[in-house]
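Taking it in order: structure first as structure tokens, then the write-up.
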Amino acid sequence: MLIFWEQRLVFLATPKAGSSAVEAALEPLASVVMQRPAELKHMSAVDFYRHIGPCLSERAGAEFTTVALMREPIEWLRSWYRFRQRDDYDDPQHPMSGLSFDAFARDYISAVQPAHAAVGTQSEILTDSTGKLLVDRVFRYEAIDQFIQFLEDRLDCAITLPRVNVPPAVDVKLSPATEAALRVAMTRDIDLYRVIG
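If you're matching positions, the sequence shown starts at 93 in this note's numbering and goes up one per residue.
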């Protein structure tokens, strides 16, 4: 999470949606940077408005605009899979060792998620329990240029995002049956992604 005091702007960091690159580029400009632990870096909009937002608004005498990025849901899960693959190189007993993306996706949608597939959802970061979007402006990760333009206008500076936290290239194919089941299980995120576009 990045807080820009003068601009009354807060960037809420959705996991696996470019947040590390945004933080690397904008950390010197931010008044407050929350990078660790992950629970603070990736604070949900619900928690922000419950705990931090009221304090900011009271101290500043004004509301803050919240912004975030959202990735296409299946691509988001692919990013999680690639990220989790990084951990298995030195450990043949690692739960990701030899696990295909198709199997990872099936683990993700299973009734009892194994720990390696328990990665949450983007809607848990961006909405309340009823599915109401709480973030003022959500930009598609796949159209990140629009987000950068917004930031450049608000922060009055040119921004170049570095490539950071890049996971390894791996096979991320899905069988048609798994993809269909995944789309049903991820309906809330898929619907939200349509709305923000």
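Every residue, glycine too, gets a C-beta built ideally from N, C-alpha and C.
Asked                                                                                                                 : Found
Whole-angstrom distance between A272 and L132, CA atom to CA atom                                                     : 33 Å
Residues of its chain near R229, where Cβ-Cβ distance is below 8 Å and the 5 sequence neighbours each way are ignored : T157, T158, V159, A160, F242
Residue environment, D245, which counts as buried when at least 16 other CB atoms sit within 10 Å                     : exposed
H103: first and last residue of the uninterrupted beta strand (DSSP E) it sits in                                     : Checking the displayed sequence, the identity of residue 103 turns out to be Phe instead of His. Element bounds for F103: 101 to 104.
D281 burial status per 10 Å Cβ neighbour count (16 or more: buried)                                                   : buried
Integer Cβ distance of A122 from L104, believed to fall under 8 Å                                                     : 13 Å between Cβ atoms; not a contact.
For D248 and M278, the rounded distance between their alpha carbons                                                   : 37 Å
Other residues of its chain near A117: CB distance less than 8 Å, five sequence neighbours each side excluded         : I251, T252, L253, P254
Nearest-angstrom beta carbon gap, V114 and Y173 [assumed within contact, 8 Å]                                         : About 22 Å separates the two Cβ atoms, so there is no contact after all.
Alpha carbon of L274 to alpha carbon of G153, nearest angstrom                                                        : 44 Å
At least 3 beta-carbon pairs within less than 8 Å: the region 205 to 222 vs the region 129 to 146                     : yes
CB contact flag (R178, A109, <8 Å)                                                                                    : no
Cβ-Cβ separation, T106 to I288 (assumed contact under 8 Å), whole Å                                                   : Contact flag wrong, Cβ pair sits at about 11 Å.
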